[in-house]
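Take the sequence shown: its position 47, counting from 1, is numbered 103 in this note's numbering, and each next residue is one higher.
Scroll down for the structure; my scribbles are underneath it.
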Amino acid sequence: MASLAFIQQALSELRDKGLYNTIRTIEGPMGAWVTIDGKSRLNLCANNYLGFANDPRLTRAAIAAIEDYGIGPGAVRSIAGTMSLHLKLESAIARFKGTEAALSVQSGLNTNLAVIPLLMGKEDVIFTDELNHASIIDGIRLTKAKRAIFPHRDLDTLAAQLEENVDIAKKLIVTDGVFSMDGDIAPLPGIVELAEQYDAMVMVDDAHGEGVLGSHGRGIVDHFGLHGRVDIEAGTMSKAFGAMGGYIAGKAELIDYLRQRARPFLFSSAATPPDVAACIAAIEILEASDEPVRQLWDNADYFTTQLHELGFDCGESETPITPVMLGEADTAWAFSKRLFEEDVFATAIAFPTVPRGKARIRAMLSAAHSREDLDLAIETFALVGRELGVI
Ligand SMILES: Cc1ncc(COP(=O)(O)O)c(C=O)c1O
């Protein structure tokens, strides 16, 4: 066996720099409260925006699907055949998103690995926001296309870059819909206008927008009324939809082409029946009622207003992602540790995930939180904030 000394060295460097991540063990379902080390803790970490991760309607749908379809898909769909359940999910996504068609893949990460390398080759150019998610960056890395990275949400630079590349025939502008660390929203209307002017395709990764933005949580395209003007909507079923999986929605020929050639579709087995059934149930719940989305926003507004009143800086967020800005990484780690001692689970986020000096606690609000939960979180933030001299 080869020497693994380089791995040991890398691990000890992470420990020395305080970057070694100890992952907490959750000893039960994911909800407003979670059990960690045998104790119940208020959960401000999950992307479980609508509380669907442990919703009985989703779990019942998953159990029924296991009874009807078994546990696994058998193989990749292009070889072993597709289950009717996957097709049902794809029609539900297309209906929900208002697109011609949709494709389900195994995760949100896989959507970016499916689309970007398939559409873009070495003669082409990709315009990408500097704060785009790692999976978009990885999708771009899998192509030989030219890259133009524009400063965060900077339409002037994007316009200048499009102008510089005006002679390149195939262009793709790709952006997160909601940026996961800051909770701010991409300037999609401006991006779409530029794309139309320069004949570029637009792709938006709506992972943090679906279930959150737009009517009944239909996402960023619906939020801005841009139906029919965004070429590719990609996203995940693992956040607001509570389960697991990814989807790509758009024109029928795009989806057809992905089914023929996208590597995560061709070379990795399909999502499992219980996951797929849970996703269908999540979409049907949202189609029938926007109550969970309204509850999420009420909770987020209440929490952020109270934190502002206490004197906390909640950054530039426009969504239920609530960054509580603390400056240096040490302060953020100490803050998170003290919150945990008070039974509030909220992770600190520091460099390299966010720039140096912009460490924070990222509080993720959920429709599952009760008003008492939020009051407890606010009181605990106030207590720890005063102790550490942050407020
Ligand atoms: C913008 C974005 N894209 C993709 C993903 C990955 O989604 P999944 O967990 O379904 O792979 C995430 C999750 O963090 C995300 O924030």
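Ideal placement from N, C-alpha and C gives every residue a C-beta, glycine not left out.
Just so it is clear, the structure is predicted and the values come from calculations on it, not from any experiment.
When the options are compared against residue i, the one with the closest alpha-carbon
i       : options                            : result
Asn-110 : Ala-318, Cys-335, Val-248          : Cys-335
Tyr-105 : Pro-376, Thr-328, Asp-261          : Pro-376
Ser-96  : Leu-444, Ser-426, Asp-399          : Asp-399
Arg-116 : Glu-340, Ala-333, Glu-343, Leu-430 : Ala-333
Phe-437 : Gly-130, Leu-382, Lys-295, Val-410 : Leu-382
Leu-282 : Gly-233, Ser-294, Ser-324          : Gly-233
Ile-304 : Asp-93, Leu-60, Val-171            : Val-171
Met-237 : Ser-324, Ala-404, Glu-219, Ala-201 : Ala-404
Gly-130 : Trp-353, Ser-325, Ala-256, Arg-350 : Ser-325
Leu-395 : Gly-306, Ala-433, Leu-363          : Ala-433
Asp-255 : Glu-435, Phe-183, Ala-61           : Phe-183
Ala-337 : Thr-91, Arg-113, Asn-99, Ala-58    : Arg-113
Ile-149 : Leu-174, Thr-292, Lys-73, Asn-166  : Thr-292
Glu-374 : Gly-239, Ala-225, Arg-151          : Gly-239
Val-410 : His-189, Ala-118, Ala-61, Asp-212  : His-189
Glu-47  : Asp-223, Ala-61, Ile-205, Lys-144  : Since the first residue shown for the chain is 57 and the last is 447, residue 47 is missing from the structure and cannot be characterised.
Leu-322 : Gly-137, Ser-294, Glu-435, Glu-123 : Gly-137
Glu-343 : Asn-221, Gly-284, Phe-152          : Phe-152
Leu-363 : Glu-435, Ala-225, Ala-61, Asn-221  : Glu-435
Met-300 : Ile-224, Ser-163, Lys-178          : Ser-163
Ile-224 : Met-176, Ser-426, Asp-194, Ser-59  : Met-176
Span separating the alpha-carbon of residue i from that of residue j
i       : j       : result
Glu-397 : Pro-379 : 20 Å
Glu-266 : Tyr-125 : 27 Å
Phe-297 : Ile-276 : 15 Å
Glu-372 : Ser-271 : 23 Å
His-208 : Phe-280 : 19 Å
Ile-311 : Thr-199 : 19 Å
Ile-135 : Val-286 : 31 Å
Asp-210 : Gly-302 : 28 Å
Glu-146 : Ala-157 : 7 Å
His-142 : Ile-447 : 50 Å
Met-259 : Ile-229 : 6 Å
Leu-75  : Glu-69  : 8 Å
Gly-273 : Lys-393 : 33 Å
Asn-103 : Ile-247 : 26 Å
Pro-245 : Leu-214 : 13 Å
Ala-308 : Arg-317 : 14 Å
Thr-81  : Asp-93  : 7 Å
Val-441 : Ala-402 : Here the sequence assigns Gly to residue 441, which means Val is not the residue at that position. Distance between the alpha carbons of Gly-441 and Ala-402 is about 14 Å.
Gln-65  : Asp-72  : 10 Å
Met-57  : Ile-63  : 14 Å
Ala-121 : Phe-235 : 34 Å
Gln-351 : Val-132 : 38 Å
Leu-174 : Gln-217 : 23 Å
Phe-206 : Glu-123 : 49 Å
Ile-288 : Glu-249 : 15 Å
Ala-406 : Arg-412 : 7 Å
Cys-467 : Leu-67  : The structure shown does not extend to residue 467, since the chain spans only 57 to 447, so no value can be given for it.
Asn-166 : Arg-427 : 36 Å
Whole-number beta carbon distance between residue j and residue i, since they are thought to touch under 8 Å
i       : j       : result
Ser-345 : Ala-88  : No, Ser-345 and Ala-88 are not in contact; Cβ-Cβ is about 19 Å, not under 8 Å.
Val-161 : Pro-320 : 5 Å
Ile-127 : Thr-328 : 6 Å
Leu-314 : Leu-159 : 5 Å
Ala-419 : Phe-368 : Actually they are not in contact, since the Cβ atoms of Ala-419 and Phe-368 sit about 10 Å apart, beyond 8 Å.
Asp-5   : Thr-231 : A question about residue 5 goes unanswered here, because the residues of the chain that appear run from 57 up to 447.
Ala-415 : Thr-387 : 7 Å
Ile-196 : Arg-203 : 6 Å
Gly-154 : Asp-278 : 7 Å
Met-257 : Ala-263 : Wrong, their Cβ atoms sit about 19 Å apart, outside the cutoff.
Ala-34  : Asn-168 : In the structure displayed, the chain extends from 57 to 447; residue 34 sits before or after that span and is not available.
Leu-98  : Asp-357 : About 19 Å separates the two Cβ atoms, so there is no contact after all.
Ala-385 : Leu-444 : The pair is not a contact, with the Cβ atoms about 13 Å apart (cut-off 8 Å).
Gly-84  : Thr-91  : 5 Å
Using only Cβ atoms and a threshold of 5 Å, which residues come within that distance of a heavy atom of ligand 1? Order them by chain position. Ser-163, Gly-164, Leu-165, His-189, Ser-191, Asp-232, Ser-236, Asp-261, Ala-263, Thr-292, Ser-294
Curious, which full-length alpha helix (DSSP H) runs of at least 4 residues does the stretch 168 to 202 contain? 190 to 197
Would you mind listing the beta strand (DSSP E) stretches within the stretch 286 to 339 that are 3+ residues and don't spill past its ends, in chain order? 288 to 292, 302 to 306
Mind listing, in chain order, the continuous beta strand (DSSP E) runs of no fewer than 3 residues lying wholly within the stretch 116 to 144? none
Completely contained alpha helix (DSSP H) runs for the stretch 200 to 232, where each covers 4 or more residues: 211 to 220
Suppose only complete runs of 3+ residues qualify. What are the beta strand (DSSP E) ranges in the stretch 328 to 397, listed by chain order? Complete beta strand (DSSP E) runs here, min 3: 377 to 383.
Taking only runs of the alpha helix (DSSP H) that begin and end inside the stretch 412 to 444, which ones reach a length of at least 4 residues, in chain order? 427 to 443
Any chance you could list the beta strand (DSSP E) runs of at least 3 consecutive residues sitting entirely within the stretch 76 to 112, in chain order? Taking 3 residues as the minimum length, the beta strand (DSSP E) runs contained wholly in the stretch 76 to 112 are 89 to 92, 95 to 99, in order along the chain.
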